[in-house]
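J.:
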Amino acid sequence: MSRSLSSRALSAVFHRVNKRRQWYELPTVGLKALNLLSLRLDLRDLNLFDTGTPIRRHGLEEPPAEALKARRPDGQWNDLNDPEMGSTGSAFTRNVNPKRIKPETPPRLHDPSARKVSLELMTRDEFKPATTLNVLAAAWIQFENHNWFFHGRGKPEETMDVPVEDSDDWPEHPMRVRRTVSVPAHNSGGAPSGNGKSIDFGNTETHWWDGSQLYGSTEEKQKAVRTFEDGKLKLDGNGRLPEDPNEAGIDLTGFNENWWFGLSCLHALFTKEHNAICDVLKRENPRWDDQRLFDTAWLINSALMAKIHTVEWTPGIVNTPALWLAMNTNWSGIFGQNIKDRFGRLGDSELFSGIMGSPQEHHDARFQLTEEFISVYRMHPLVRDDWNLYELESGRLVEEKKFVELQGASTRSFMDKYDPADLIYTMGIENPGAITLHNYPAALQRFTRIDGEQMDLATLDILRDRERGVPRYNDFREEMRMPRVRSFEELTPNRDWAEQIRRVYNNDIDKVDLQVGMYAEPLPPGFGFSDTAFRVFILMASRRLKSDRFFTTDFRPEVYTQTGIDWVTKTKMKDVLLRHYPELEPALEGLPNAFLPWHRVGPDGKADGKVKHRVEGARKALEAINS
Amino acid sequence: MSTEVAAPPAEAERAGGGGLPAASLPESLKVLRTGVLPAIGRGLFVPRRGAMKLLTRLDTDRRAVRALAKLRDKHGGEGLRLLGGRIVVVWGRDAIREVLDQSADVYASDSGAKAKGMAHFQPEALTLSRGEEWADRRRFNESVLATSERLHPFAERFLTVAGDEVRRLQLDGGLEWADWERLFDRLTLRVVFGDRASDDQELTGLLEKLLAESNRLPGPGPNDTYYEFYGRLEGYLRDPEPGTLLARFADAPQTDRTRVVQQIPHWMFATRDTLGANAYRALGAIVADPAVERRVRDELGGADLSDPAAIDGLSYLQGCLEETMRLWPTTPLIGRETTRDTTLAGERIEEGTQVLLLNAFNHRDPKERNPDRLDAERWADGGRDYRFNHLSNGTQDCPGGPLVHLLGKAVLAQVLDRWSPRLEEPRLDPEEPLPYMLDFYRMRFAL
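Protein chains in written order, with our numbering: chain A, 5 to 631; chain B, 357 to 803.
1) Since I633/A is in the alpha helix (DSSP H), which residue starts that stretch and which ends it?
2) Do you know how far the Cα of M793/B is from the Cα of R800/B?
3) Quick one: grab the DSSP three-state call for S91/A.
4) Look up Y585/A in the DSSP assignment and say whether it is helix, strand or coil.
5) Quick one: what does DSSP say T503/B is sitting in, helix, strand or coil?
6) Between D129/A and chain B, is any beta-carbon pair separated by less than 8 Å?
7) When you compare only the Cα positions, how much space is there between W81/A and P58/A?
8) Express the C-alpha separation of D420/A and F377/A in angstroms, rounding to a whole number.
9) If you compare alpha carbons, which of A659/B, R437/B, V392/B and I452/B is closest to R743/B?
10) Grouping DSSP H, G and I as helix and E and B as strand, with all else coil, what is F205/A?
11) CA-CA distance, R653/B and L772/B?
12) Please work out which residues of its chain come closer than 7 Å, Cβ to Cβ, to A608/B, disregarding the five sequence neighbours upstream and downstream, and give them in chain order.
13) Please list the partners that L562/B has in chain A, where partner means a Cβ-to-Cβ separation under 8 Å.
14) Spatial neighbours of E733/B within its chain, please: C-beta separation below 7 Å, excluding the five flanking residues on both sides.
15) Go to K225/A, then tell me how far its alpha helix (DSSP H) extends in each direction, as first and last residue.
16) Near N191/A, which residues of its chain fall below 8 Å by C-beta distance, leaving aside the five closest residues on each side in sequence?
17) Using only CA atoms, which one of V474/A, T536/A and L464/A lies nearest to R488/A?
18) Is L376/B closer than 8 Å to E584/B when the C-beta atoms are compared?
19) Could you check which residue in D457/B, G473/B and L507/B has the C-alpha nearest to that of L670/B?
20) Is the beta carbon of I433/A less than 8 Å from the beta carbon of R604/A?
21) Quick one: is Q633/A buried, meaning 16 or more other Cβ sit within 10 Å of its Cβ, or exposed?
22) I want to see whether chain B comes within less than 8 Å of V21/A, judged by CB atoms only; does it?
23) Are the segment 69-84 of chain A and the segment 294-307 of chain A in contact at 8 Å, needing three or more beta carbon pairs?
24) Going by Cα to Cα distance, which pick from G529/B, G561/B and L515/B is closest to E537/B?
25) So E590/B contacts chain A; which residues on that side make the cut at Cβ distance below 7 Å?
26) Please return the same chain residues whose Cβ sits closer than 7 Å to the Cβ of H476/B, not counting the five positions on each side in sequence.
27) Please list the terminal residues of the continuous beta strand (DSSP E) segment that includes K159/A.
28) I'd like to know whether the C-beta of G375/B is nearer than 8 Å to at least one C-beta of chain A.
29) Could you tell me the boundaries of the beta strand (DSSP E) in which G435/B lies?
30) CA-CA distance, E590/B and M126/A?
31) How many angstroms separate the CA atom of F352/B from the CA atom of G632/B?
32) Take the Cβ of E589/A as the centre, count every other Cβ of all protein chains shown within 10 Å, and call the residue buried at 16 or more, exposed below.
33) List the endpoints of the continuous beta strand (DSSP E) containing D689/B.
34) Express the C-alpha separation of T412/B and D795/B in angstroms, rounding to a whole number.
35) Whose C-beta lies closer than 8 Å to the C-beta of E505/B among residues of the same chain, with five residues either side of it excluded?
36) I believe Q710/B touches I443/B by the beta-carbon criterion, under 8 Å. Please report the beta-carbon distance rounded to the nearest angstrom.
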């Protein structure tokens, strides 16, 4: 693969620097950001692989007219030459050369047993909060994941037997776990893997950042959520989503697996946002029909969610100035949104004027999300077991609940007792769990799905990576050009953990699973998750934008309307919240980022000052960057 | 000489020998200069070759013994407070016993320069632990090393290894330190890790590098060498070879706080470096004195050297080894720090006091019987003496003691059985008191 001179030069410099120091250990924000840019260029050139099908550069048929200015429910025709790219059902690709991928089979698949890893390393001993974040940030990432990927439920008759110790009280010995279903041959290029096993697994959702968690990934799903009036989505009279006619207790929306009240709140919020966009579009374009209003509001709303994720959620969870700079640069360019607003794009450069509106580009591999991307988004420790529920108006603690009582089939009946603003407020002030070892929610370690199947998600998190051939921790780091760790003490400064991991993996550092390594390794300052996971983010966060025609070539007024472009550019998460729940104002006042802990409201209805002080520094820094 | 029953401190005081008189400032400085500095200067773990040569030429231990003996005669007592009491040097048998019997608890061994140096490569070793963790790690060490058993359960294999390694020696007319070091290197690797490790020079190299770094009192935090070294130790633990110390891990009592891997390096350098040097000196001391050598050879006569019971029965040879360690202690200085206010020799000392046992002086105190001769009978009944602390005494005595004796005797017996070495350099006159210092790097034998 030929690489540009400048990226090779940058790579050569930082390759040497990074032997001694990681990017976050460099002295200035500028150097850190430049190092990140270099890492991204390397990752783009060296870590994007099609599993089989190459990019189609010349279309075989004319795109249908309705695909030119609108997204399709099944994700087809985003790339006008390669209509299948990123569409529903297409295979996940890889950030690792498929030749080196070896889906694990027994005995390695169970060495050590994923259940043992779950019990001995993941079990939450005490709740460890992520004090810099709120629960809304945890709900948000699940909300976004549901936009991006789902491997499906698997077939009950195709299982793997996970060894379970005699003393384990798990009801089945061995534990039966459904296999991930491989995609049919016609959907994959039949990529060869390191040990001849299939490595192509399909996405039941579109790969695009298209809001499919609200809008569905099939035409049928989409029809079910639309009103077909003024472009709007269905909401009931109380501003809540209607109930799914096929699943009691669960809301009707584009994707409603693994349901709980946090997801319900976010789905309702952005369904409302969609309808609000429709109102404005209709007022400005009285003659537009339902379809056009729907398509345009869909574009605007999904771009808005992508933006909130890029410039608010990510800098919230990776809370360091270099990232604030990098993510804002991704979106609006190094000169910032104001310059871009006043002078327009300064050429095609994504560095100067951001990815938004730059030319669509896939960097020589079809845009499909990757298995490794999914692996680094396993963040279940974010979930709390114990919930305190508050009333916004008085700040009063109303009740305490266990997670199981707020989710699945109980979701709607639980929510009936609350005003949605109370629930959002509760999420705003409470911390999620920190993404580390020994912080896995008990509720998910012994989880009964809505269909009655029992599962240990911690076991699954380990087993899925192995089954799909995502490399174990050290091999994964090597693929990301990070140094391997040589001993358990090097893996983590927490010596107790080092000892426990050593025991579970029988002294073999190279066997440590990716999840365990990521949960154990020391975090860079301000980080809510590991630097190892972050490498995949660096690549995929910008790729999700850069490959999507509607964020690049077609992010323009002719497609979005000027109102739409402005809506996306000027709206922040806080604005969305206050538009639909203005009563949240006291809790959000002055906050730079809605994913940081909100102010707690006292009995007099006023916010206390402590939190304000805590976020003051972050606020100033964000203001400096935004100005 | 057997261990005397220690008199309680109050009684000792009544007898007039108690107490910790205060030294004047010049006296304090003299103790530090003659007793403490050279101990640090030679290298805390591995004696530096150059320093060893220089200190031997200066005969620093002789100066230390003279200076301390003079001070002891002047002040009497169980020891001396230096620099206003922040440091206490202890020489009285009873006071030493007080310190060592309460070690790791009242008197912690995890402070001072040596501990800081050790923390560089084994921060959670037994010797750097206190309280619960110390007890936990001690149990583990005692189990693996079989401290309470006369013979280690794997003694037979260890003897086979010792026999192999002595046979492997290629001595073309002479025996030098390099040959001996190589022997002990392989012996250590095979005893601890197994036959597949016998040529793992890289592992030894990593440890030697860490030891050399810790001699220089390194900065905080583990480095690449550390991680690489521990990675290799973990590698051997994946699939322990039967008959090795690692094979004992599975059945040894342990918790997550034991940090089993961190216990290994101490065994490595104690066997390879410390026992290696001691056994080499012992060989020199034995063959330098025809009377001693004759008694050793009489004892060896007809013994089956592959039989653990036979090796165990070599009590005179064991006495020679003990005497060598007494005469030329590889640990010239033992340091402890009080973890709370306490009394020592009937006197109050504060928390944080540095308590020093100067082995270089205690072992050669002119008041002891035959301080400068190899007097193996001293150890005939297998007793212990709190003034002689080459393997330490009390709660923190060396848990590898029995193994040290077994391996040391096995190698010496095999060598004496095969050859008749003559000490070429330095010359030791059996009629003269033995020298205070014996530079093992420069010892050479003709065969």
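Even glycine gets a Cβ: it sits at the ideal position worked out from N, Cα and C.
These numbers were taken from a predicted model, which means no experiment stands behind them.
T.: According to the data block:
1) Past the boundaries of the shown model lies residue 633/A; chain A is included only from 5 to 631, so the question cannot be answered.
2) Annotation: R800/B to M793/B spans about 15 Å, alpha carbon to alpha carbon.
3) Three-state DSSP puts S91/A in coil, outside helix and strand.
4) When secondary structure is reduced to three states using DSSP, Y585/A falls in the coil class, being assigned neither helix nor strand.
5) Note: T503/B maps to coil in three-state DSSP.
6) Taking Cβ atoms only, chain B never reaches closer than 8 Å to D129/A, which makes this a no.
7) Approximately 16 Å between the Cα atoms of the pair.
8) About 36 Å.
9) Closest in alpha carbon position to R743/B, among A659/B, R437/B, V392/B and I452/B, is I452/B.
10) Here F205/A sits in strand by DSSP.
11) The straight-line gap from Cα to Cα measures roughly 8 Å.
12) Spatial neighbours of A608/B in its own chain (CB-CB distance under 7 Å, excluding positions within 5 residues in sequence) are listed in chain order as F496, S499 and V500.
13) Scanning chain A for C-beta atoms nearer than 8 Å to the C-beta of L562/B yields nothing, as the closest lies near 11 Å away.
14) Same-chain partners within the cutoff: G675.
15) Where K225/A is concerned, the enclosing alpha helix (DSSP H) stretches over E223 to V229.
16) Note that N191/A has pLDDT 46, beneath the 50 cutoff, so the model's placement of it is unreliable and the number below is only indicative. Shown here for N191/A: same chain residues with a beta carbon closer than 8 Å to its own, the five before and five after excluded, namely G93, S94, A95, D204 and G206 in chain order.
17) When each option's Cα is compared against that of R488/A, the closest is T536/A.
18) No.
19) Across the set D457/B, G473/B and L507/B, the C-alpha of L507/B shows the shortest separation from the C-alpha of L670/B.
20) Going by C-beta atoms, I433/A is nearer than 8 Å to R604/A.
21) It is not possible to answer for residue 633/A, since the shown part of chain A is limited to 5 through 631.
22) No, V21/A does not count as interfacial toward chain B.
23) Yes: at least three Cβ pairs fall under 8 Å.
24) Ranking the options by Cα distance to E537/B, first place goes to G561/B.
25) Those within 7 Å of E590/B in chain A are S491, F492, R506, N511 and I513.
26) Annotation for H476/B: L566, E569, S570 and P574 place their beta carbon closer than 7 Å to its own, counting only its chain and skipping 5 residues before and after.
27) Bounds of any beta strand (DSSP E) do not take in K159/A, whose DSSP letter is neither H nor E.
28) Closer than 8 Å: no.
29) Run containing G435/B: G435 to L438, per the beta strand (DSSP E) assignment.
30) The C-alpha of E590/B lies about 22 Å from the C-alpha of M126/A.
31) Nothing in the structure corresponds to residue 352/B, since chain B is present only between 357 and 803.
32) When all chains shown are included, E589/A counts as exposed.
33) Contrary to the premise, residue 689/B reads as Leu rather than Asp in this sequence. L689 to T694 is the extent of the beta strand (DSSP E) around L689/B.
34) When only Cα atoms are considered, D795/B and T412/B end up about 7 Å apart.
35) Shown here for E505/B: same chain residues with a beta carbon closer than 8 Å to its own, the five before and five after excluded, namely P758 in chain order.
36) Taking C-beta atoms under 8 Å as the contact rule, Q710/B and I443/B qualify, at a distance of about 5 Å.
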